[in-house]
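What follows is a single structure, written as structure tokens, with notes after it.
There are 2 protein chains.
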Amino acid sequence: MSEENIVYIGNKPVMNYVLAVVTQMNGGVSEVVLKARGRAISRAVDVAEIVKNRFITDAKVGSIKISTEEILNNEGSNTNVSAIEIQLSKDATSTWILKSFWY
Amino acid sequence: MSEENIVYIGNKPVMNYVLAVVTQMNGGVSEVVLKARGRAISRAVDVAEIVKNRFITDAKVGSIKISTEEILNNEGSNTNVSAIEIQLSKDATSTWILKSFWY
Numbered sequence: 295m296s297e298e299n300i301v302y303i304g305n306k307p308v309m310n311y312v313l314a315v316v317t318q319m320n321g322g323v324s325e326v327v328l329k330a331r332g333r334a335i336s337r338a339v340d341v342a343e344i345v346k347n348r349f350i351t352d353a354k355v356g357s358i359k360i361s362t363e364e365i366l367n368n369e370g371s372n373t374n375v376s377a378i379e380i381q382l383s384k385d386a387t388s389t390w391i392l393k394s395f396w397y
Numbered sequence: 295m296s297e298e299n300i301v302y303i304g305n306k307p308v309m310n311y312v313l314a315v316v317t318q319m320n321g322g323v324s325e326v327v328l329k330a331r332g333r334a335i336s337r338a339v340d341v342a343e344i345v346k347n348r349f350i351t352d353a354k355v356g357s358i359k360i361s362t363e364e365i366l367n368n369e370g371s372n373t374n375v376s377a378i379e380i381q382l383s384k385d386a387t388s389t390w391i392l393k394s395f396w397y
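From first to last, the protein sequence lines are chains A and Y. Counting with our numbering, you get residues 295 to 397 for the letters of the first sequence. Counting with our numbering, you get residues 295 to 397 for the letters of the second sequence.
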């Protein structure tokens, strides 16, 4: 059974989010979804690329979805903001086999 | 036969790129690929969403790919930068039928 965990990407340094994703995946979560809005969208792409290229090399980028969300701004009216969802997954079985073999 | 045109998204106002995509699609191009790097990534998502929601409502977002590119920075060394490719397409046949019907 695949678990799905969501990491919301905001304005903190990119490595904070990378660490959150890596910690989850090493803890046995097989699928993490990165969600971001507005300017944080490019940071979400950075997080996905850094996790995949530097930390969890068997992680794969699954489906990427973009959408428009309505948010309430400071003046009390609605504005549209773009959003992205990036699915990151790795083969859960291989982790499980490795774990049961080594420990 | 589907044609593929590329629109590179940079730091200009978002509507400049929206206009470029809309002009191409109304001119008969059935598929446009938006490419962006670094902070322009969120602008590329904005362009795709605005084209689809406000101007060409039968346009669909196809595959979205993310990657890492190496670029030469000002100091002469290489840095990594994230990149995105967003495929926007509309049914070419329907446009063609409409055109031959009306003109």
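Just so it is clear, CB atoms sit at the ideal spot from N, CA and C, and this is done for glycine as well. Please read these numbers as outputs of a predicted model, since none were measured by experiment.
Residues of chain Y with a Cβ closer than 8 angstroms to the Cβ of G332 of chain A are, in chain order, S336. Under the 7 angstroms criterion on CB atoms, V339 of chain A is classed as interfacial with respect to chain Y. Within 10 angstroms of the beta-carbon of E343 of chain Y lie 16 or more other beta-carbons, which makes it buried. By the criterion of at least three beta-carbon pairs nearer than 8 angstroms, the segment 301-310 of chain Y is not in contact with the segment 367-382 of chain A. The C-beta distance from S376 of chain Y to D340 of chain A rounds to 5 angstroms, short enough to meet the 8 angstroms contact threshold. Among the CB atoms of chain A, one or more fall inside 7 angstroms of the CB of I360 of chain Y. For N320 of chain Y, the enclosing alpha helix (DSSP H) starts and ends at 308-320.
Contact check for K346 of chain Y against S383 of chain Y fails: the beta carbons are separated by 7 angstroms or more. Under DSSP, E364 of chain Y takes part in a beta bridge, and its partners are Y:N374. Taking CB atoms only, S376 of chain Y has a neighbour in chain A less than 7 angstroms away. Scanning its chain for C-beta atoms nearer than 6 angstroms, with the 5 sequence neighbours on each side dropped, one finds around Q381 of chain Y the residues V327, G356, S357, in chain order. Comparing C-alpha distances from I350 of chain A to each of A:N310, A:D385, A:P307, A:V308 shows the shortest one belongs to A:D385.
Within chain A, no C-beta atom comes less than 7 angstroms from the C-beta of V345 of chain Y; the nearest is roughly 11 angstroms away. Within the same chain, and ignoring the five residues on either side of I335 of chain A in sequence, the residues whose Cβ sits closer than 6 angstroms to its Cβ are I378. For A342 of chain A, the chain Y residues whose Cβ falls inside 7 angstroms of its Cβ are I360, in order along the chain. Chain order gives no chain A residues near V315 of chain Y, where near means a beta carbon separation below 7 angstroms; the closest approach is about 14 angstroms.
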